[in-house]
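Report on the following structure.
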Amino acid sequence: MDVAEFDKFADEYRALHADNIRLSGEDPEYFARYKIQDLRRRWDAAGRAEPAAALDFGTGIGNSIPHLAKAFPSTRLTGLDVSQNSLDLAERRFPGMAHYVRYDGWRAPFENASFDLIFSACVFHHIDAAEHREIFAELRRLLRPGGLMVIFEHNPVNPATRHIVATCPFDENAVLIPAPKLKRSQLDAGFRQVQVAYTAFFPGQLRLLRPLEPMLAGCPLGAQYCTLAEA
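Structure (structure tokens):
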């Protein structure tokens, strides 16, 4: 992981992100919120008990934290990131909502089976693919038996996604990951079951069609996708 790259963009992340995704017809807040709403819907559909502890892996400047806190109000939240600048900004933006912890890129400073839920939003395309399996194995170590890891990523099959990533300053070194490849890395890391669901089919101009998106989860054309991996 290139820590300097994340530190470099911490303070200007929100403005750069908003400008870059203008094509989508939405702002960064929408994309942070929809992922958590989708996660909550899937969590409830599976009949899972409320998680006692959840980890936001690659929390950055904390965009997901308030939405996680709203969706899981009784859950203890932890944000983990390699960038201390980003963590400091997250703490200033959302004080007291989560415990913010620095990550060295390899060994997370938590005991085995510390979390019921691990969430990550568009982080792994910033990490060298050769490191994915080992990081997923580390995240699996952190999950309690039966726990769930939910990873959102950009879908390289979608042309609008490719354009947005190609023109984004903080994605200059990003390598988009096909969903089957990310799933394979998770299975190789020891997760016993991994599902893939495609999301974000309709831009802001077609938002009235978004209630149809759960029915399109198996169509590999969405702008993003998520993997749901059970420990």
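Each residue of the sequence shown is one higher than the one before, counting from 5 in the numbering used here.
Every residue, glycine too, gets a C-beta built ideally from N, C-alpha and C.
Straight-line Cα distance separating residue j from residue i
i      : j      : result
Leu93  : Gly66  : 8 angstroms
Pro160 : Lys185 : 12 angstroms
Ala193 : Pro99  : 34 angstroms
Tyr104 : Asn89  : 11 angstroms
Asn116 : Phe76  : 22 angstroms
Thr165 : Ala227 : 6 angstroms
Arg144 : Pro215 : 32 angstroms
Asp108 : Leu213 : 42 angstroms
Phe10  : His129 : Confidence is the limiting factor: at Phe10 the pLDDT is only 49, short of 50, which leaves the residue's position unreliable and the question unanswerable from this model.
Ala170 : Leu43  : 27 angstroms
Ala141 : Trp47  : 22 angstroms
Glu176 : Ala56  : 37 angstroms
Tyr229 : Tyr202 : 4 angstroms
Thr82  : Gly64  : 12 angstroms
Arg196 : Ala235 : 6 angstroms
Ile139 : Ala125 : 15 angstroms
Thr79  : Phe123 : 13 angstroms
As assigned by DSSP and simplified to three states, the class of residue i
i      : result
Arg96  : helix
Gly208 : helix
Leu147 : strand
Gln91  : The question names Gln, but residue 91 is Leu in the sequence shown. In the structure shown, Leu91 sits in a helix (DSSP, three-state: H, G or I).
Ile122 : strand
Thr165 : helix
His77  : Correcting the residue identity first, residue 77 is Pro in this sequence and not His. Of the three classes helix, strand and coil, the one that applies to Pro77 here is coil, per DSSP.
Phe238 : Examination of residue 238 is not possible in this model, given that the chain is present from 5 through 235 alone.
Ile65  : coil
Leu213 : helix
Ala50  : coil
Arg188 : helix
Met219 : helix
Asp132 : coil
Arg4   : An answer regarding residue 4 cannot be provided, because it is not within the stretch 5 to 235 covered by the chain.
Arg196 : coil
Glu33  : helix
Ile2   : There is simply no residue 2 to check, as the chain begins at 5 and stops at 235 in what is shown.
Identity of the residues DSSP links to residue i by a beta bridge
i      : result
Arg106 : Asp85
Cys230 : Phe156, Ala201
Tyr59  : According to the sequence as given, residue 59 is Leu; it is not Tyr. Partner(s): Thr82, Ile122.
CA nearest to the CA of residue i, picked from the options
i      : options                        : result
Arg97  : Asp108, Phe128, Pro113, Ser68  : Ser68
Val200 : Leu213, Glu217, Ala221         : Ala221
Leu84  : Pro113, Gly150, Asp31          : Pro113
Gly39  : Phe195, Phe156, Ala102         : Just to set this straight, residue 39 is Lys in the shown sequence, not Gly. The shortest C-alpha separation from Lys39 is found at Phe156.
Lys74  : Val86, Gln41, His158, Gly64    : Gln41
Ile131 : Gly62, Ala36, Thr82            : Gly62
Val198 : Ala53, Leu232, Ser124, His136  : Leu232
Arg148 : Leu59, Pro224, Gly51, Arg45    : Leu59
Arg111 : Glu217, Leu121, Glu135, Leu91  : Glu135
Asp31  : Pro224, Leu225, Glu217, Gln209 : Gln209
Gly151 : Asn162, Asp120, Ile168         : Asp120
Glu33  : His71, Arg52, Gly51            : His71
Leu146 : Cys223, Ser118, Pro163         : Ser118
Residue i burial status per 10 Å Cβ neighbour count (16 or more: buried)
i      : result
Met219 : exposed
Val179 : exposed
Ser87  : buried
Ala183 : buried
Leu91  : buried
Short CB-CB distance (under 8 angstroms) between residue i and chain C
i      : result
Leu180 : The chain inventory of the structure shown lacks chain C, comprising one protein chain alone.
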